[in-house]
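Residue 4 is where the sequence shown starts when you use the working numbering, and the numbers rise one by one after that.
Just so you know, even glycine gets a beta-carbon here, dropped at the ideal spot from N, CA and C.
Remember, predicted model here, so these are calculated numbers, not experimental data.
Read the structure below first, then the notes.
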Amino acid sequence: MDGSTRSERLQRVYAARDNRELADSYDQWAQDYEDDMLSLGYSLPAVAAGFVGRHVAPGGTVLDAGAGTGMFGSILRVLGYEEIVGIDISERMLELAGEKNAYRRLHRMVLGEPLEFGSDSFSAAVSVGVFTTNHAPPEALDELLRVVKPGGWVIFSVRDDVYRNEGFEEKQASLEDDGRWRRVTMSEAFQPFPAGNTSHLNRLFVYKTE
């Protein structure tokens with residue numbers, strides 16, 4: 004533990020001014036991250052896994068984009084997805100994710116920058132809890148699309164105010180207008196922290212790549 008409170012750790016990541024500060028904040032938070040999130044009733048990984056199970060057949064390789072400590076990847080592994088590759092901005096988070104033995108490979112990469120994968124590398128890319136305040140930008144969706152095969156899936160959550168006010172709504176519509184992907188479903192806005200701040204609603208999106 005770093006001596007800070009849960010609210011201070013949350014505030015630190017949302018206040019990060021650049022990727023270096025964001026990575027440092029998550030490195031410091033890594034040891035307490037799961038306890039903090041679970042104490043708030045964090046539901047995004049479980050809800051996202053339900054959408055993956057509905058649409059993505061086991062057998063292909065899934066990219067967990069923003070893997071953190073491996074909470075989501077661990078659920079996927081239980082559901083029968085064995086080929087999971089994880090990326091995250093935080094080295095310490097990735098170390099903890101590696102201890103779960105859910106991933107084939109883990110790499111430090113930053114969403115919003117070019118990803119070090121070839122085009123059409125994955126059957127699906129899933130990003131849970133990453134598109135939020137002062138985190139990955141809408142342009143990160145271009146790279147997720149690039150690394151997923153045609154006919155594959157891009158599934159991700161976006162904080163609802165970020166979706167409406169920070170360019171995600173327009174970016175997602177533009178990619179659909181350009182024939183890059185097709186929206187299959189969008190969840191209702193829901194509270195991912197039932198025991199926490201009720202103002203931070205999220206949505207989950209499922210797109211099929213063209």
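Measure the alpha-carbon distance for residue i versus residue j and round it to whole angstroms.
{"i": "R20", "j": "I92", "result": "14 Å"}
{"i": "M74", "j": "D181", "result": "34 Å"}
{"i": "M112", "j": "A198", "result": "31 Å"}
{"i": "T136", "j": "V81", "result": "30 Å"}
{"i": "L147", "j": "E169", "result": "18 Å"}
{"i": "A143", "j": "P195", "result": "22 Å"}
{"i": "R12", "j": "S28", "result": "8 Å"}
{"i": "A70", "j": "R57", "result": "20 Å"}
{"i": "Y84", "j": "F171", "result": "28 Å"}
{"i": "F208", "j": "D67", "result": "15 Å"}
{"i": "H138", "j": "I87", "result": "23 Å"}
{"i": "S190", "j": "A18", "result": "27 Å"}
{"i": "F54", "j": "R23", "result": "32 Å"}
{"i": "N205", "j": "G121", "result": "30 Å"}
{"i": "E119", "j": "L47", "result": "26 Å"}
{"i": "Y210", "j": "I158", "result": "6 Å"}
{"i": "D35", "j": "D123", "result": "35 Å"}
{"i": "L114", "j": "L43", "result": "25 Å"}
{"i": "L97", "j": "S77", "result": "13 Å"}
{"i": "R149", "j": "G63", "result": "16 Å"}
In the DSSP output, which residue or residues are listed as bridge partners for residue i?
{"i": "D110", "result": "Contrary to the premise, residue 110 reads as His rather than Asp in this sequence. BP columns for H110 point to I90."}
{"i": "W156", "result": "A127 and K211"}
{"i": "F193", "result": "N205"}
{"i": "R186", "result": "Y210"}
{"i": "P61", "result": "G63"}
{"i": "F134", "result": "V161"}
{"i": "E85", "result": "Answer by DSSP bridge pairing: none, since E85 is not bridged."}
In or out: residue i buried (at least 16 other Cβ within 10 Å) or exposed?
{"i": "P141", "result": "buried"}
{"i": "Q14", "result": "exposed"}
{"i": "G41", "result": "Strictly speaking, residue 41 in this sequence is Leu, with Gly absent from that position. Exposed: under 16 other Cβ atoms inside 10 Å."}
{"i": "T8", "result": "exposed"}
{"i": "M4", "result": "Note that M4 scores a pLDDT of 47, beneath 50, so its modelled location is shaky; the value from the coordinates is reported in the next line. Looking at its Cβ environment, which holds fewer than 16 other Cβ atoms inside 10 Å, M4 is exposed."}
{"i": "R108", "result": "exposed"}
{"i": "A49", "result": "exposed"}
{"i": "G155", "result": "buried"}
{"i": "R185", "result": "exposed"}
{"i": "G89", "result": "buried"}
{"i": "A60", "result": "exposed"}
If residue i sits next to residue j, beta carbons under 8 Å apart, how far is it from one beta carbon to the other, in whole angstroms?
{"i": "V187", "j": "S160", "result": "The pair is not a contact, with the Cβ atoms about 15 Å apart (cut-off 8 Å)."}
{"i": "V165", "j": "F125", "result": "Contact flag wrong, Cβ pair sits at about 24 Å."}
{"i": "D30", "j": "E94", "result": "6 Å"}
{"i": "V151", "j": "A127", "result": "7 Å"}
Please list the terminal residues of the continuous beta strand (DSSP E) segment that includes residue i.
{"i": "L43", "result": "Run containing L43: none; DSSP gives neither H nor E here."}
{"i": "P67", "result": "Looking at the sequence shown, residue 67 is not Pro but Asp. Taken as a continuous stretch (DSSP letters only), the beta strand (DSSP E) holding D67 covers V65 to A68."}
Let's see if you can read the secondary structure: which residues bound the alpha helix (DSSP H) around residue i?
{"i": "G76", "result": "M74 to V81"}
{"i": "V165", "result": "D163 to N168"}
{"i": "S122", "result": "Element bounds for S122: n/a, residue is neither H nor E."}
{"i": "A143", "result": "A143 to V150"}
{"i": "D180", "result": "F171 to D180"}
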